[in-house]
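According to the working numbering, the sequence shown is numbered sequentially starting from 2.
Report on one structure; see the data block that follows.
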Amino acid sequence: MRAALGAALVAGGLAGCVDFTGPGLDTNPNAPVAGSSAQLFTAVQAFQQAGMTGDMNRLATIWMQQMAGVNRQWLSFERYEIDENTQGFDNFYTGGGLVDLRTVQAATRAAGNKKFLGVAQIYEAMSMAQAADAWGDIPYSEAVSVLLKPTPKLDRQDSVYAALQVLLDSGLANLATGVGVGPGASDLVYANSTARWTALAHTLKARLYLHTAEVVGATAYSKAATEAALGIASAAGDYNTYQSSTVGEENGWFQFRRNRGTDISAGKFLVDLMVSRGDPRLSEYFATAQQPSPVPGGAPFDSIKGAAPGDEDDGTQSWLSAARAASSFNQPLVTYAENAHILAEAQTSARGGAGDATALATLNTYRTSIGLAALSPATGCGGIACTGTALLQEILTSKYIALFQHIEVWNDYKRTCWPNLAPNVTARAPTTKIPARFYYGSGERQTNPNIPSPSVQQANPRNRMDPKNTTTVGGAACLGEP
Numbered sequence: 002m003r004a005a006l007g008a009a010l011v012a013g014g015l016a017g018c019v020d021f022t023g024p025g026l027d028t029n030p031n032a033p034v035a036g037s038s039a040q041l042f043t044a045v046q047a048f049q050q051a052g053m054t055g056d057m058n059r060l061a062t063i064w065m066q067q068m069a070g071v072n073r074q075w076l077s078f079e080r081y082e083i084d085e086n087t088q089g090f091d092n093f094y095t096g097g098g099l100v101d102l103r104t105v106q107a108a109t110r111a112a113g114n115k116k117f118l119g120v121a122q123i124y125e126a127m128s129m130a131q132a133a134d135a136w137g138d139i140p141y142s143e144a145v146s147v148l149l150k151p152t153p154k155l156d157r158q159d160s161v162y163a164a165l166q167v168l169l170d171s172g173l174a175n176l177a178t179g180v181g182v183g184p185g186a187s188d189l190v191y192a193n194s195t196a197r198w199t200a201l202a203h204t205l206k207a208r209l210y211l212h213t214a215e216v217v218g219a220t221a222y223s224k225a226a227t228e229a230a231l232g233i234a235s236a237a238g239d240y241n242t243y244q245s246s247t248v249g250e251e252n253g254w255f256q257f258r259r260n261r262g263t264d265i266s267a268g269k270f271l272v273d274l275m276v277s278r279g280d281p282r283l284s285e286y287f288a289t290a291q292q293p294s295p296v297p298g299g300a301p302f303d304s305i306k307g308a309a310p311g312d313e314d315d316g317t318q319s320w321l322s323a324a325r326a327a328s329s330f331n332q333p334l335v336t337y338a339e340n341a342h343i344l345a346e347a348q349t350s351a352r353g354g355a356g357d358a359t360a361l362a363t364l365n366t367y368r369t370s371i372g373l374a375a376l377s378p379a380t381g382c383g384g385i386a387c388t389g390t391a392l393l394q395e396i397l398t399s400k401y402i403a404l405f406q407h408i409e410v411w412n413d414y415k416r417t418c419w420p421n422l423a424p425n426v427t428a429r430a431p432t433t434k435i436p437a438r439f440y441y442g443s444g445e446r447q448t449n450p451n452i453p454s455p456s457v458q459q460a461n462p463r464n465r466m467d468p469k470n471t472t473t474v475g476g477a478a479c480l481g482e483p
């Protein structure tokens, strides 16, 4: 990362050397700092959104058995065959990452555009939180001081989370001043809405508190509930990626299918779960595929079929629905669905919250908002009363389904071992359990002595805020955690 960060710093320093043609024609050419900030922020969003819905997301979705790797390289990933070249660690720092976000922040701070500064701070927290989720301890406090700190230290995962909470508070404070014009037209998703960015920041704070709860306990759940109550309150406030049918702006899953064919299919576990619950979103998520008749000479038929871990492509497994596979599908990143489930979980008696009746009401508000029937307090949780463990499991199951194709499902699994997924029986040593973190990149390890070797990382397969669960939230033996 040292050389790459240095190059990115140079690029950041040249960000003001732009012409004012094309996008941003309404930018004052006599204020080049503001103009370059807007254009750089547009590029940051495009890069970050592609990364947040790219290979890291696909890997987590496969390991969580929402999708399945059934061919070529992705069949290997399905078997947990990953190494330090699997996922781009540097991507969170260079070429649209932390360095460019700090460049935007410096310019907007100097220009007195506090609303834009607040947005850039919130974006940094959203991005770097995902890095800490995936790798645990990461370079952060020294990461952009590469000229002074060419080998940045690894900050503890809990320290990074704490720093990001402070950053989000700063972002909220800057937004609240109302000073400056904000990001203006460079805001690809929220159209320069202070209210939406404010709600997003609170949902991100709730998410981060949830990510510490396995270690911190009830206090973290209480803080998550407080923040979620201020978070995204309806689907209209969802932060989804910006996509279109224009070349270069297409949805990442659309591009993957175009370039990689049938390497990934629907996952059997999720398909079977939704079928068993009669969930109408099944056809919203997946397309049908032609199946051979079970009767000799019978006509083939169409149905939604998922691949189990270890299954290879046989031509009968389903892909995404036409809507979700479209080039212009806007992939959800931070949503009302996530916020509602964070709030509901934190409100349960099992988490020391306001109580099960309140938690169920929150869950039912979400359900009715998407056209699902409210759950009965007496029998709605698998035929029994929605209290205690039964309610907690229902909330987590609902979230697993609602956050389809979202890396937060992996984070929830690491925290709760729910759903209790059986690992791939074709997995090969040394990783025969569902991965709980990624390896640091080889480029960073070769230039930074603070990065541990792959063998050391293999011996410590979990991040410090994700200690191993021996049981699920329901008390059964956890099957898949390393």
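Where a beta carbon is used, it is the ideal one built from N, C-alpha and C, also for glycine.
Three-state class that DSSP yields for residue i in the structure shown
i    : result
G1   : For the chain, the structure presents residues 2 to 483; residue 1 sits outside this window and is missing.
P455 : helix
M443 : Note on identity: in this sequence residue 443 is Ser, with Met being the wrong assignment. Reduced to three states, the DSSP call for S443 is helix.
S171 : helix
S294 : coil
T220 : helix
A288 : coil
P483 : coil
D312 : coil
A430 : coil
A437 : coil
L321 : strand
Y94  : coil
D273 : helix
K150 : coil
S328 : coil
Q88  : coil
D490 : Beyond the ends of the chain as shown, which are 2 and 483, falls residue 490; an answer cannot be given.
N425 : coil
N260 : helix
I488 : Nothing about residue 488 can be reported from this structure: the residues present for the chain run from 2 to 483 only.
D101 : helix
E215 : helix
V161 : helix
D134 : helix
G484 : Absent from the structure is residue 484, since the part of the chain shown begins at 2 and ends at 483.
M466 : coil
Opposing strand residues paired with residue i [DSSP bridges]
i    : result
S38  : Answer is none; S38 lacks a bridge partner.
N241 : P333
S304 : A290
D156 : I139
I207 : Here residue 207 turns out to be Ala, not Ile, going by the sequence shown. Answer by DSSP bridge pairing: none, since A207 is not bridged.
A478 : T472
Cutoff 7 Å; reference residue i; Cβ partners in own chain excluding five residues on either side
i    : result
E251 : Q244 and S328
N193 : G183, P184 and G185
P450 : T152
W64  : W411, I435 and P436
N72  : T263, D264, E313 and D314
H407 : P333
L41  : A16, D101, T104 and V105
A207 : A225, E228, A229, G232, N340 and I343
G89  : G442
Same chain, Cβ closer than 8 Å to residue i, five either side skipped, listed in chain order
i    : result
I452 : L155, Y441, E445 and R446
M466 : G137, Q158, D159, Y162, H212, T213, E215 and V216
Q291 : P301, F302, D303 and T317
N365 : A375 and L376
Q459 : P431 and T432
T363 : A341, L344, A345 and Q348
E171 : The amino acid at residue 171 is misidentified as Glu; the sequence shows Ser. G119 and Q122.
S146 : P153
6 Å Cβ shell around residue i - same chain, five flanking residues per side excluded
i    : result
A221 : Y210, T213 and A214
P293 : P301
A309 : K269
A386 : A379
V120 : P184 and W198
L393 : T349, A351 and V474
N490 : Lying before the first or after the last residue shown, residue 490 is absent from the chain, which here runs from 2 to 483.
E143 : K150, P153 and K154
A423 : L480
G307 : A267, G268, K269 and V272
Check: residue i C-beta below 6 Å from any heavy atom of the ligand FAD
i    : result
Q458 : Summarising the ligand content, the structure contains no ligands, and the ligand FAD is consequently not present.
*Where in the stretch 45 to 80 do unbroken runs of the alpha helix (DSSP H), each at least 4 residues long, occur, reported from the N-terminal end onward?*
As far as the stretch 45 to 80 is concerned, its whole alpha helix (DSSP H) runs of at least 4 residues are 56 to 64 and 73 to 79.
*Could you give the uninterrupted runs of the beta strand (DSSP E) lying entirely in the stretch 332 to 418, keeping only those of 3 residues or more?*
Within the stretch 332 to 418, the complete beta strand (DSSP E) runs of at least 3 residues are 333 to 335.
*Just checking, does the stretch 340 to 350 make contact with the stretch 223 to 240 on the three C-beta pairs under 8 Å criterion?*
As far as the Cβ criterion goes, the stretch 340 to 350 touches the stretch 223 to 240, which means the pair count is three or higher.
*Is the stretch 273 to 281 in contact with the stretch 75 to 92, if contact means three or more CB pairs nearer than 8 Å?*
The way I'd put it, the stretch 273 to 281 doesn't touch the stretch 75 to 92; fewer than three beta-carbon pairs between them come closer than 8 Å.
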